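For the sequence shown, numbering that gives the first Met the number 0 begins at 0 and goes up steadily by one.
Each residue gets a CB set at the ideal place from its N, CA and C atoms; glycine is no exception.
Values in this document were obtained by computation on a predicted structure and should not be read as measured data.
For reference, the structure is listed below as C-alpha cells.
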Amino acid sequence: MRDKVRVGIIGATGYTGYELLRILRRHPAAEIGFCTSESYAGQRYREVFACPYDYPLIAVEEAPLGEVDVVFLCLPHGVSAPVARRTLEAGARAIDLSADFRLRDPAAYERWYGHKHEAPELLPVAVYGLPELYRERIRGAQLVANPGCYPTSVILGLWPLVRDGALERKTIIVDSKSGVSGAGRGASLKTHFVEVNENFAPYSVGYSHRHVSEMEQELNASGTGPYELTFSPHLLPVNRGILSTMYVWLREDWSAQRVRECYEGFYANEPFVEVLPLGQLASLAHVANTNRCVISISPVRAGHYIICSAIDNLVKGASGQAVQNMNLMLGFEERLGLEY
Ligand SMILES: NC(=O)c1ccc[n+]([C@@H]2O[C@H](COP(=O)([O-])OP(=O)(O)OC[C@H]3O[C@@H](n4cnc5c(N)ncnc54)[C@H](OP(=O)(O)O)[C@@H]3O)[C@@H](O)[C@H]2O)c1
C-alpha cells in the first residue's frame, strides 16, 4: 500500500503542466509518476524549461496510464479526448484541463470548436469541475472537466445572483482581461512580445469567444434564465491573471443589503472564494499565484451593480482548480497543497 497517490501529467511542458508540477511537488499526498511531451520526449524536464525539475519526458503513447491513480490532461482540445478515454480504460481517474468535456451537448461542442467530438460517449460521465457548484458530484467522478479560465472567473462572479434569480436583464455584459499565459506556450503573432508589451487590446469580442458557450451552459443550468452574454475578452501585457467585470441590473426587490447577503451567504464556507467588503475592488494583486477567486460588488445606482471577479488563470483558472478537484475525487482535504 503506497502512502502517496501517483499522478501523471500529459502535456507537462505547457504552462498549465508546469504550474501543476509547481503545485504537486509541494502536495503532501501526491508524487509525480510521469510527465509527457510531444516535442521533447527523450529529454529531461529541466533541459526544456527554465527550472530545476528533473523528470524524464516521455511520449504520450508510452505513458504508463495504468500505473498512476490520476492523470492530468494538459493538452489542446481535440487531442485530449482520446487520451482521456485511454486513461479511464487503464483504470485511472482523469482531470482534463482542455475544453473537451466541458460542454454537455456534443452538437454545441462541434459548433463552437469546429470539429466532431472524439469521445462523445464520455460526455455523460464527465463532471464539470467547479467545486463551488458541483462539489458532491466531483467527489465521485472518474472524469472531471476542469473549467476554462474566463468561465471560472465569470461563473463565480455571477452565480449567487443567478442562482437566486435576481437579474432583471438576462443579457449580461462581461468585460474580461487576461494575462498572456492564458494563450498557452506556443508562440503566435497575437502573443508575440512586441505585439503585447505596452499594448492592451480586445479580441473575439461580442459572441465569438468559445468560452461563451461554457459560461452560458452553466448560468442556464440554474434554471432562472435563459441568460445570454455579451463577452469582450482583452489581452493584458502581464504574464498571469484574469479580471472579469460584469454589469448587472437587478429586480426591484433586490436591495444593496440583500445583494451582499446573497454573496456572503453563498461563499461563507468556500475555502478559495473571498467577497471583499463594500468599497474595495478586486484586482490581480489579490490573487496572483494563488488558488483564490476574489469578488467585489459595487453599487452604481438603484438596482445596477458592477461585479468584479479576479483569479490567477494558471491556478484557480487551471492547475490549482485541477488539484482542488483531485483532492475532492480522492477524499483529501480540499485545500491540501493549495494554501500558499
Ligand atoms: N493557459 C491557461 O491559462 C489555461 C487555463 C485553463 C485551461 N487551459 C487549457 O489547458 C490546456 C493546456 O493549456 P496550456 O496553456 O498549458 O497549453 P500549452 O502551453 O500550449 O501546452 C500544451 C501541452 O500539450 C502538449 N501537446 C500539444 N500538442 C500535442 C499533441 N498533439 N500530442 C501530445 N501532446 C501535445 C505540448 O507538448 P510539447 O510542447 O512538449 O510538444 C504541451 O506540453 C489547453 O487545452 C488550454 O485551453 C489553459
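- With distances taken between CA atoms, residue 338 lies nearest to 288 out of 297, 288, 207 and 279.
- In this chain, residue 148 is not harboured by any beta strand (DSSP E); it is covered by the alpha helix (DSSP H) spanning 148-162.
- Judged by DSSP in its simplified three-state form, residue 297 adopts strand.
- Residue burial is scored here from C-beta neighbours: residue 254 has fewer than 16 other C-beta atoms within 10 angstroms and is therefore classed as exposed.
- Annotation: the stretch 64-126 contains the following complete segments of the alpha helix (DSSP H) (minimum length 4 residues), in chain order: 79-88 and 105-112.
- Taking each of 129, 106, 53 and 115 in turn and checking the Cα distance to residue 212, the smallest one comes out for 106.
- Distances between the C-beta of residue 76 and the heavy atoms of ligand 1 include at least one below 6 Å.
- At a threshold of 6 Å, residue 184 counts as near ligand 1, since its beta carbon sits closer than that to one of the ligand's heavy atoms.
- With respect to the C-alpha of residue 334, the residue from 127, 27 and 116 having the closest C-alpha is 27.
- In chain order, 332, 333, 334, 335, 336 and 337 place their CB closer than 8 Å to the CB of residue 326, counting only its own chain and leaving out the 5 sequence neighbours on each side.
- Taking every protein chain shown into account, the CB of residue 198 has fewer than 16 other CB atoms within 10 angstroms, so this residue is exposed.
- For the pair residue 65 and residue 202, the Cα-to-Cα distance works out to about 41 Å.
- Judged by DSSP secondary structure, residue 235 falls outside any alpha helix (DSSP H); it is assigned neither H nor E.
- Residue burial is scored here from C-beta neighbours: residue 188 has fewer than 16 other C-beta atoms within 10 angstroms and is therefore classed as exposed.
- Residue 129 is not a Cβ neighbour of residue 318, given a cutoff of 7 Å.
- Taken through DSSP and simplified to helix, strand or coil, residue 201 comes out as strand.
- If only uninterrupted beta strand (DSSP E) runs of at least 3 residues are considered, those enclosed by the stretch 20-58 are 29-35.
- Taking 6 Å as the cut-off, the C-beta of residue 70 does not count as close to any heavy atom of ligand 1.
- About 6 Å separates the beta carbons of residue 328 and residue 137, which is inside the 8 Å limit, making them a contact pair.
- Within the same chain, and ignoring the five residues on either side of residue 208 in sequence, the residues whose Cβ sits closer than 7 Å to its Cβ are 230 and 232.
- The residues 225 and 226, in chain order, have a CB closer than 7 Å to that of residue 219 in the same chain once the five nearest residues on each side in sequence are set aside.
- Contact between the stretch 291-301 and the stretch 113-128 is not established, with fewer than three Cβ pairs separated by less than 8 Å.
- Taking 8 Å as the upper bound for CB-CB distance, residue 96 and residue 15 are in contact here, some 5 Å apart.
- The Cβ atoms of residue 269 and residue 131 lie closer than 7 Å to each other.
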